[in-house]
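Single-structure report; data block below.
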Ligand code: PLI
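Residue numbers (my numbering): 166 to 627.
Listed below in structure tokens is the structure:
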């Protein structure tokens, strides 16, 4: 018998505890999603079988992290867990000053308030919902300077998160460097499908911004995933560890916001990290108003301990290989079945191209919202809309933003689901695809003012 050439990856852990899930019938799910206004954010979690809404705060913590919770020092000021976290941030990311926050958007608020003046311009590699809103609330205007390939779900560019330096130069020329307090660089780029930024691009960006005295602020929420892609795809990095690549990425930047709920394998937590002493002082003063004292920032001591341990676990090569390996496995099942997804397969999930999946619907009929609801009805799988509903409205004109990408995100929580779950998901997507021509659009019947995708309600069109 011929020997098998293939060597599979597998998780570098075993399962110690399980959480039982409720199984539902199709009738129950049809009722539940209707009651939720066809918005998967408004479903009750207990009615969901496989929850792919987000990879944010949904990871399984390790036994070491759970043990860390018991080491919580819940002092109001100067908790020892703050110093553990500060050491981890210096060791793995290299930033000088740390301000913990309750989660990523807490850090975005503080950063935006400290750095942005009314009328400022904030270029970035594609918007993220909370990030852009905080920039706007602080009086700034976001301008997208990501490469064009990022908006094309079929482009196979290996670093679709890259900044287009010519677009950035044009923004600097038009508005002047004094109007640009910083460029916001996300690694990996969530709304583009979890697409990475290359080290070469960061290096060139640093050279360009230094010339103009513009700072680089990193949204380092999924930095370890970005580092893994650099290791796999960029020349000169194949022998480098994920941990060392992570530190290199940070070295090209002046500070960062971080949602610990993703890479860092915790259920809550985030931080703002800075290298500038003066800005740090301003931010430490402001955090007291919005989050809590600068040594806890809205977190319990135990949360900071778990995040410090999670940061260390997140940059291990074996962890990242299994993490991305699982996402890749699901993506390959779907591409084999000709389902239109964003390629190359990204870091934290699979993004289905809803415009291509449901070409008979206009973008005003919210194809990605529709598809997410259909997936729930089919098998109790909860996904997230990342299209016109998430994009919201232009604050000045009041019109919908019409993003080129109209996506449904199947986000994979870290260390939570098995390969068999991935098979169930792939089969469900195929089953919905087989009856796609019969699927009807939605109309929005309630629209909240901010971040409407969280709470908007819809009804099925007749
Ligand atoms: O959810 P927060 O506040 O901890 O983090 C906000 C945030 C900032 N940047 C990026 C790239 C994110 O993906 C992000 C949160 N993302 C969520 C909740 C998600 O489901 O993707």
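Just so it is clear, CB atoms sit at the ideal spot from N, CA and C, and this is done for glycine as well. From a predicted model like this one, the values you see are computed outputs, not experimental measurements.
Query: Residue 270 CB to nearest heavy atom of the ligand PLI below 7 Å; Result: yes
Query: Beta carbon of residue 542 nearer than 8 Å to that of residue 209; Result: no
Query: Simplified DSSP assignment, three categories, for residue 565; Result: strand
Query: Nearest candidate by alpha-carbon position, reference residue 519, set 513, 529, 511; Result: 529
Query: Residue closest to residue 297, alpha-carbon to alpha-carbon, out of 373, 477, 277, 266; Result: 277
Query: Segments of 4+ residues assigned as alpha helix (DSSP H) that fall wholly inside the region 489 to 571; Result: 519 to 522, 532 to 544, 553 to 556
Query: Residues of its chain near residue 564, where Cβ-Cβ distance is below 8 Å and the 5 sequence neighbours each way are ignored; Result: 558
Query: Pairwise C-alpha distance: residue 266 and residue 222; Result: 14 Å
Query: Rounded C-alpha distance that separates residue 294 from residue 206; Result: 15 Å
Query: Beta-carbon spacing of residue 623, residue 481 below 8 Å; Result: no
Query: Unbroken beta strand (DSSP E) run spanning residue 424, endpoints; Result: 420 to 424
Query: Segment contact, 8 Å Cβ cut-off, at least three pairs: the region 298 to 310 with the region 376 to 388; Result: no
Query: Where the alpha helix (DSSP H) containing residue 229 begins and where it ends; Result: 228 to 234
Query: Reference residue 363; option with closest CA among 355, 325, 340, 341; Result: 325
Query: From 437, 598, 556, 204, residue whose alpha carbon lies closest to that of residue 262; Result: 437
Query: beta-carbon residue 221 near the ligand PLI non-hydrogen atom, thresh 7 Å; Result: yes
Query: Boundaries (first-last residue) of the beta strand (DSSP E) holding residue 350; Result: 347 to 351
Query: Other residues of its chain near residue 504: CB distance less than 8 Å, five sequence neighbours each side excluded; Result: 517, 522, 594, 595, 598
Query: Residue 273 beta carbon less than 8 Å from that of residue 560; Result: no
Query: Extent of the continuous beta strand (DSSP E) run through residue 436; Result: 435 to 439
Query: Given 8 Å, three or more beta-carbon pairs between the region 384 to 404 and the region 413 to 428; Result: yes
Query: Residue 269: first and last residue of the uninterrupted alpha helix (DSSP H) it sits in; Result: 269 to 280
Query: Contact test: residue 593 Cβ vs the ligand PLI heavy atom, cutoff 7 Å; Result: no
Query: Residue 297 - DSSP class collapsed to helix/strand/coil; Result: helix
Query: Residue 424 Cβ short of 7 Å to the ligand PLI heavy atom set; Result: yes
Query: Residue 350 burial status per 10 Å Cβ neighbour count (16 or more: buried); Result: buried
Query: Proximity of residue 286 and residue 343 at Cβ, strictly below 8 Å; Result: no
Query: Between the CA atoms of residue 567 and residue 306 - distance to the nearest angstrom; Result: 17 Å
Query: Member of 346, 495, 372 whose CA lies at the smallest distance from the CA of residue 444; Result: 346
Query: The beta strand (DSSP E) enclosing residue 608, as first and last residue numbers; Result: 607 to 611
Query: Own chain residues within Cβ distance below 6 Å of residue 225, not counting five before or after; Result: 580, 581
Query: Cβ-heavy atom distance, residue 324 to the ligand PLI, below 7 Å; Result: no
Query: For residue 355, the nearest candidate out of 606, 532, 576 (CA to CA); Result: 576
Query: Paired residues, beta bridge with residue 216 - DSSP; Result: 547
Query: Residue 295 Cβ short of 7 Å to the ligand PLI heavy atom set; Result: yes
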